[in-house]
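4 protein chains.
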Amino acid sequence: MALLSGDEYVESLKVFSPEVYVRGERVDKVWEHPLLRQTINHLKAGYDQARSPETRAKFAVTSPLTGEDVSRLHLHIQQTQEDVLVKARLTREVSGRRICAGCMSNMLSVTWAMIFDIDQAHGTTYFPRYVEFIKHLQQSGQAIAWGMMDPKGDRSLPPSKQPRPADLRVVERRADGIVVSGVKLHTTYGPGAHQVVAVPCRALGPQDEKFAVALAVPIDTPGLKMIARPSPGPSRPVDLESPLSSRFMGVEAMTIFDRVFVPEERVFMCGEWDQAVKLPFYFACLHRQSKCACSAGHTDLILGTAALCARANGLGLKPSHIRDKITEMMMAAETAFGCALGAGAAGSEHASGVFLPDAIIANSGLDHIRSRLGIHLSHLHDIAGGLIVTMPTEADWNNPELRPYIDDALAASPEFTTEERLRILNLAQDLAASRLTGTLLGFTINAAGSPVTNKIVVNRLYDLESRVNIARQIAGV
Amino acid sequence: MALLSGDEYVESLKVFSPEVYVRGERVDKVWEHPLLRQTINHLKAGYDQARSPETRAKFAVTSPLTGEDVSRLHLHIQQTQEDVLVKARLTREVSGRRICAGCMSNMLSVTWAMIFDIDQAHGTTYFPRYVEFIKHLQQSGQAIAWGMMDPKGDRSLPPSKQPRPADLRVVERRADGIVVSGVKLHTTYGPGAHQVVAVPCRALGPQDEKFAVALAVPIDTPGLKMIARPSPGPSRPVDLESPLSSRFMGVEAMTIFDRVFVPEERVFMCGEWDQAVKLPFYFACLHRQSKCACSAGHTDLILGTAALCARANGLGLKPSHIRDKITEMMMAAETAFGCALGAGAAGSEHASGVFLPDAIIANSGLDHIRSRLGIHLSHLHDIAGGLIVTMPTEADWNNPELRPYIDDALAASPEFTTEERLRILNLAQDLAASRLTGTLLGFTINAAGSPVTNKIVVNRLYDLESRVNIARQIAGV
Amino acid sequence: MALLSGDEYVESLKVFSPEVYVRGERVDKVWEHPLLRQTINHLKAGYDQARSPETRAKFAVTSPLTGEDVSRLHLHIQQTQEDVLVKARLTREVSGRRICAGCMSNMLSVTWAMIFDIDQAHGTTYFPRYVEFIKHLQQSGQAIAWGMMDPKGDRSLPPSKQPRPADLRVVERRADGIVVSGVKLHTTYGPGAHQVVAVPCRALGPQDEKFAVALAVPIDTPGLKMIARPSPGPSRPVDLESPLSSRFMGVEAMTIFDRVFVPEERVFMCGEWDQAVKLPFYFACLHRQSKCACSAGHTDLILGTAALCARANGLGLKPSHIRDKITEMMMAAETAFGCALGAGAAGSEHASGVFLPDAIIANSGLDHIRSRLGIHLSHLHDIAGGLIVTMPTEADWNNPELRPYIDDALAASPEFTTEERLRILNLAQDLAASRLTGTLLGFTINAAGSPVTNKIVVNRLYDLESRVNIARQIAGV
Amino acid sequence: MALLSGDEYVESLKVFSPEVYVRGERVDKVWEHPLLRQTINHLKAGYDQARSPETRAKFAVTSPLTGEDVSRLHLHIQQTQEDVLVKARLTREVSGRRICAGCMSNMLSVTWAMIFDIDQAHGTTYFPRYVEFIKHLQQSGQAIAWGMMDPKGDRSLPPSKQPRPADLRVVERRADGIVVSGVKLHTTYGPGAHQVVAVPCRALGPQDEKFAVALAVPIDTPGLKMIARPSPGPSRPVDLESPLSSRFMGVEAMTIFDRVFVPEERVFMCGEWDQAVKLPFYFACLHRQSKCACSAGHTDLILGTAALCARANGLGLKPSHIRDKITEMMMAAETAFGCALGAGAAGSEHASGVFLPDAIIANSGLDHIRSRLGIHLSHLHDIAGGLIVTMPTEADWNNPELRPYIDDALAASPEFTTEERLRILNLAQDLAASRLTGTLLGFTINAAGSPVTNKIVVNRLYDLESRVNIARQIAGV
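Chains as they are written, first to last, in this note's numbering: chain A, 1 to 477; chain B, 1001 to 1477; chain C, 2001 to 2477; chain D, 3001 to 3477.
Here's what the structure looks like:
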């Protein structure tokens, strides 16, 4: 059944027994480890939104592959401009509530296009296998962990020349499949997945043939290990503090393949080094368009929190500098979202059927919004005030001797109780003065390729010669 | 015949004898006055692009009103998302060649929507008159001069309380029409038009009833006068210098209505003050979306010129700071254009049939790109070098005794002759160090409403309450 | 003895028994509580730098009040331009190592000037008392906790009209002193001090007379309570992670005065409401000049860390975008520091002998650098890479089964071991992706008055009329 | 007599008969050519300010070389920190009135330091000659034209390999002097000078020995030619329009040396290629510090004009966006000026006695302010309004039939007549929408080295290693 509820999702995890480590210790049950609670909770929320009657119409779509409903954000291969525009709206909406929309369908869609290309170029038959894999995901409702980024090692050397090779590679070919070793970094939500998908992350040369590998395996395949860095939220339960990060956001894992066997039907690329460059390019079109919408959502969340702080502080939007900063954030969000839609409007269909947004607009819009986050965090500090880094803790508030002092001292707007003000300032703290702040910066600046990759894409694709020629014509040269 | 050639356009002007002044003197023949040559030339180019076989397919469209082809940019009422997206591309293309695309259809479209609303609200019958007027324009191929901005006088007082009233207003109602007096500012290309259209520029109150007036009259209607400020280009003929402004860009006129009679069939609004606010709002959606594309075109032109200068200077894009500045300009252009398309993708149809782009995205994108122009002009100076303000003049180059010295001294890249380099640097000079620079800044910063109007629109339309509520939910308040 | 060593400082704390709370619990021994260890350590480091033979020449100065050496940053009243310039250098140096230079002498200096003014205006004799207090501090080497910011409550009402008054105020006058109640916020390092000094934070009106109060009391005076928010560093001991915040940075406290008696000789202002405005103004001159240097130091630290990450990642400064970002940070640091020195060069001596830097330059420079921090943090993410939010934890590294995998996977530049790279990335994490990040933003954006206060000061003091008059003369008006 | 009045200066020009061309034609009398009137007028104003009793105390100083008063900005070799700070104030003041302070003493001072170094390094005796030359200038009050920038030709080749050599070089050595040929670009005010000084503009290699030449000759030396590009102001006389550029700002000339003989006593460098690098470096310290103050003055002028426009438009500083933009400009001016003073405060004395400001602060401050000009020009457009590019011309205003219409239509604030408003808007036009705008951009972006040169200086001089080492220590590496 394609659309699992959150609870069904948790249940489905119990069939798997992956080798996962958190803070140096082996995790027994992924679904109940305290340091994985935000991860599981985040993924559950994603399942519920596609399943629950109130939101299903928006978040689910009938898959042309299976004829069954699937979650748009997680498992649908985007095939029309409409798909792209709808997904942009959903992404903004979810990331404006819990930072990450879990848009794994982006990765599955770009991989779809690359694998199609491989078969076209090499006469191989990977694509039907991949279609079967996608059907399996859509029918089972399983979640994937995405392994794209290799460690890269010494950057002055190609993968094949590394003194200590760590990038994922084929180490043995067998009749019924391949054996791979190596590491993929930045596996967001990793331990919460059922399947691990790995693909190449950059252009490769002929000598790097064995690094040209794409595959999928169940998360508890022997030899597969994940070292998960706890999500940014607090490890201890809280009520008033960290209202967002105590509930949502996932771990980030290092995924280790130590001689992992991949059966033939889950091998989607093996040696076609010349096609490896396609994946990062399609990724640059599709996932960065999506990220424009994602960052718009973050901006919505930051500005909504700022406006609420301004009210709780008793100022509201009356001071022109507060109104201006909030308007400036609105405009940044809308510019990014405008580019998400505009890249969709200027996109085109890939031969495989995937609809690819325009890369230049997507990368330009993303470069703009990601350069603003630091400024927006500063605005949130500015509007919320110094208290977000100096206020008493939840434990102080819960001490009945201290509470009356705090209650009097931090009362501000008559429209909010002191406790409400503290709750609101704690949300600002969570966003702008916590480990979550770092994660938000990391997501924005480095995820989906760092800012310089945006510049490279635009520089390569923009038709500069035609502009130079117009200048020549006007100048009469 | 709807699509005039440029020459037919010039011919058509000879039927009219408007009262036009330039530098304090009455102009006899508009079509041959030396200080109006760039204006007429600019408008001719617009006519030719819709008529000539090579470009007609892009620039002309069959009007649903007349069944004949009309110029998309000048006279087509935009009715579909496709219209909006196509026009954005055309606007960028033309403004990337000669700064101004002459998109008078924007004004006609927003007025169409407002007049429709007036009839809906008041049971009046202006709309059929306006449709007839548009048909007349489309069938005759006539150009309009657009009068929207009133002088406003003492800003602390409403129009009706001005000690020296200058805003356009009804001064007499007659059986067969009305008599109006007042002034409209910023009439771009004014003397090159056949018809003058005037509409209100802001929200009005009940006491300002007589200022709620919309109308069209032939340009040579008695009592109508235009004082035209010469276009920014040189007044004397040149070959090498000012390659853009010596050929294109129009005058800006002050249009004076001194008891001008408007026959009933050309009165489109008369007293419906409550609907006046609609026009600036529709304008804010539609024309600012268009201006995102227009500013993208300017950016294309500036960066193309910068890249050409870099080559002529013998550096090309090798120095990373040059490449970075040019890439930065590309990204700004694409962000603005992405918002033009995105506002189209998020737009919706007005009851009158006009397709209105999304106002929030359009205003956000425009605010971004207009804030960049000063920086881009600085980049062009930086890349072109100090010579654009210190190089010898065309006359020096034409002096055979001086030319050899200049020729040696200013030779740079072996791929360009010194004369070619001078021509290229003169284009940079024209864009970044001339009166045209000022016009470009004026067009960008103040035309279509100043930057603060973008902020006001976004601030009003963005759904802040929903964002505050999400923050409340997360904070648990 | 004026210059205590760090150990002597700790010893000196044992004489006091303040009422301090951390995470809701009463602290027994301030000097050995685990959540106060960074606070005590930070203050110790400040004592040691003024005392140790290697650095004493820079950090200590002979006090003209006592003839003995005192710490420049902590206890010296700045009296010459030289004092200002030297202190700017020291501040940059220390804040470039451990974020906060502990420049309590700034607060003592501005208070010196205000108290002098009170006596001049009112014929009172507070100033000699204050001089005695400063001598006591200098002779004992005691640290102060600074209470300036009142909670302000409902911002639409003055202190005297608050429904729940919380600002510090006189509640009783006795023959031998006064009794005060109320709260001061943002008491940095509070529990590590020996004396608490409180002063007004804003202009007051005649009805707010009882809020015009300045005083000093020992930290363990009955009725004085501090609720300390733990410093941003980790609560558990670490080796590799959080290398800065696990050692330095202080708690932030809310300081409660619950009917605290202040003996007459420690009352420095009592009712002179008209002089209260002086303190924030002198503070705006002096402390913001100092903060320009402080923020320059933070920028030095961020860029030094970024450059080290670039090396450990095997890229160094070769990629032009890395070099550009680091250079951009250098220039921001130097612009701020240039303004710190420039404000000193343009400063003047107050009648009390305190040397006041120029307020316009100080506020302008500070506004600039504080607007850059968010951008610089983004640069650090960009250069350090996504690993700072996804890398394995210290506990994973210490697991001997996991270490080999991590060691191979995260090896990069051959010039650094993987452990070294992890240590370096953990410093980047500490600065840009941790609770310390939030504290850094809080220190930069809100401490010493929020950005809008910079604008207000400049707007008030800049001689706009003279500039308008020059424009008039040129325009011939 | 060292301090000439403006009239005496004009008289002094009549002794010289330089070969000057303007718009391709040979100029007969420099002092009365209509296209040189702004140049002469600008220089006259500089003479008058040092001579007139009201301003002499500020603008003149007793030269230690001659014991007579000389103009600080034009001819004084700066020798103390006080000299630097005073000159920064004067520069800001004058450039805030007429854009350019004519700070030729900067060039003379940096040359002083380089020539001193040459003698130290090579045992030559140029320095005493140069001192004599400076005395001659100070005693005669003569003006210099400064030739530093060579044309550079094909940038991929050194001077000695150019196919068409144009850089200044020695072409013959004679017993009593040298003969030089080549060109210097960007000679501001050139035709208004009495002496031409030429120096190298960049680091040279051993093969470029003959390009290592420094010299001074009278402007009418045979073989010396100047091609002067007219100053940006109008060529025809005006009353209301272009109020600044019609009176001030100078031509920019190309200075041609066609086998010019330089007698031995005016040769200051001849072949010492290893010292050529010093001049641009000293220039980078000293002239860029000065330019920080200069750009602060421009900003003062722009914001003063903006504030006056806001009043004449009837809005004043009430709208928060106007107030904010003006405050932002104030802060930019003060930040630049703060760096001018700060670079002075951090400067040091060169062995030759010249006081050199700190290069890092000067270059950082300059990079900041020059990046703001485009934004400030946009602000001026924004605040002044669209009229600055659309208003009627002076000739229209002078037409008695048109004036009443204009008078009514453009009346705004009751505190200004329409004519006053027009005068004020014409000043804004002059600054932000005219050829002067281009000159202002050119002066700001490219004069004194383009922005990338600021980055290079800072990158080279900033002590990055010490910052990296601090990061290492903290990280424990």
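Note that the Cβ used here is the ideal one computed from N, Cα and C, for glycine as well. Predicted model, so just to flag it, every value in this text is computed and none were measured.
Asked	Found
Which of the residues in the region 2421–2436 of chain C, read from start to end, lie with their CB under 8 Å from any CB of chain D?	ARG2423, ILE2424, ASN2426 and LEU2427
I want to verify the contact list: residues of chain C whose CB lies under 8 Å from the CB of MET3107/D, in sequence order.	Within chain C, no residue comes near MET3107/D; the closest Cβ sits about 23 Å away, beyond 8 Å.
Which residues bound the alpha helix (DSSP H) around ARG1229/B?	Here ARG1229/B belongs to no alpha helix (DSSP H); instead the beta strand (DSSP E) covers 1224–1229.
So which residues of chain C does LEU3464/D contact, with C-beta pairs closer than 9 Å?	LEU2303, GLY2304, ALA2307, LEU2317, ILE2326 and MET2330
Beta-carbon separation of GLY1190/B and MET1226/B under 7 Å?	yes
Does DSSP put HIS1186/B in a helix, in a strand, or in coil?	strand
Listing by chain order, which chain A residues have their CB less than 7 Å from the CB of ALA1345/B?	LEU85, LEU341, GLY342, GLY344 and ALA345
Quick check: is the beta carbon of ILE227/A nearer than 7 Å to any beta carbon in chain C?	yes
From this set, ALA2432/C, GLU2082/C and ASN2459/C, which residue's C-alpha is nearest VAL446/A's C-alpha?	Correcting the residue type first, residue 446/A is Asn in the shown sequence and not Val. Ranking ALA2432/C, GLU2082/C and ASN2459/C by Cα distance to ASN446/A puts ALA2432/C first.
Short of 7 Å Cβ to Cβ, which residues in the region 237–266 of chain A face chain C?	GLU252, MET254 and ILE256
Chain D partners of SER320/A, CB-CB under 7 Å?	SER3320
Could you work out which residue in THR3188/D, PRO3053/D and PRO3064/D is closest to GLN3502/D when comparing CA atoms only?	Only positions 3001 to 3477 of chain D appear in this structure, which leaves residue 3502/D out of reach.
Count the other CB atoms, across all protein chains shown, that sit within 10 Å of the CB of ASP2208/C; report buried if there are 16 or more and exposed otherwise.	buried
For chain C, find out if any of its Cβ atoms is closer than 7 Å to the Cβ of ARG3510/D; answer yes or no.	Outside the shown range of chain D, which is 3001 to 3477, sits residue 3510/D, and nothing can be said about it.
List the residues of chain A whose Cβ lies closer than 7 Å to the Cβ of ARG2199/C, in chain order.	First, the amino acid is wrong: residue 2199/C is Val here, not Arg. Correct list: empty, because the minimum Cβ distance to chain A is about 17 Å.
Cβ of VAL477/A less than 7 Å from any chain B Cβ?	yes
Select from THR3091/D, ARG3051/D, LYS3014/D and ARG3098/D the residue whose C-alpha is nearest the C-alpha of LEU3440/D.	ARG3098/D
Any Cβ of chain B within less than 7 Å of the Cβ of THR39/A?	no
Entirely within the region 3082–3168 of chain D and at least 3 residues each: give me those beta strand (DSSP E) ranges in chain order.	3144–3147
Near LYS44/A, what residues of its chain come up, given a Cβ to Cβ distance below 8 Å and the 5 sequence neighbours on each side ignored?	GLY6, ASP7, TYR9 and VAL10
Kindly indicate which three-state DSSP category THR255/A falls into: helix, strand or coil?	strand
Short of 8 Å in beta carbon distance, which residues of its chain neighbour PRO1451/B, apart from the five on each side in sequence? Order them along the chain.	ASP1367, ARG1370, SER1371 and ILE1445
Roughly how many whole angstroms lie between the Cα atoms of VAL1061/B and ARG1472/B?	51 Å
If you measure between the beta carbons of ALA1395/B and GLY3233/D, is that distance less than 7 Å?	no
Closer than 7 Å, CB to CB, is THR1335/B near chain A or not?	yes
Using a Cβ-Cβ cut-off of less than 9 Å, give me the residues of the region 2056–2086 of chain C that come near chain D, in sequence order.	GLN2081 and LEU2085
Does the structure place the region 412–426 of chain A close enough to the region 381–394 of chain A that three or more beta carbon pairs sit under 8 Å?	yes
For PHE416/A, collect the residues of the same chain with a Cβ closer than 7 Å to its Cβ; drop the 5 residues on either side in sequence, then sort them by chain order.	ALA312
Out of curiosity, what's the CA-to-CA distance linking ARG1288/B and LEU2356/C?	49 Å
From LEU1411/B to SER348/A, what distance separates their C-alpha atoms?	The sequence shown places Ala at residue 1411/B, rather than the Leu named in the question. In a straight line, the C-alpha of ALA1411/B is about 45 Å away from that of SER348/A.
Listing by chain order, which chain A residues have their CB less than 8 Å from the CB of MET2104/C?	Near MET2104/C there are no residues of chain A at all, since even the closest Cβ is about 17 Å away, more than 8 Å.
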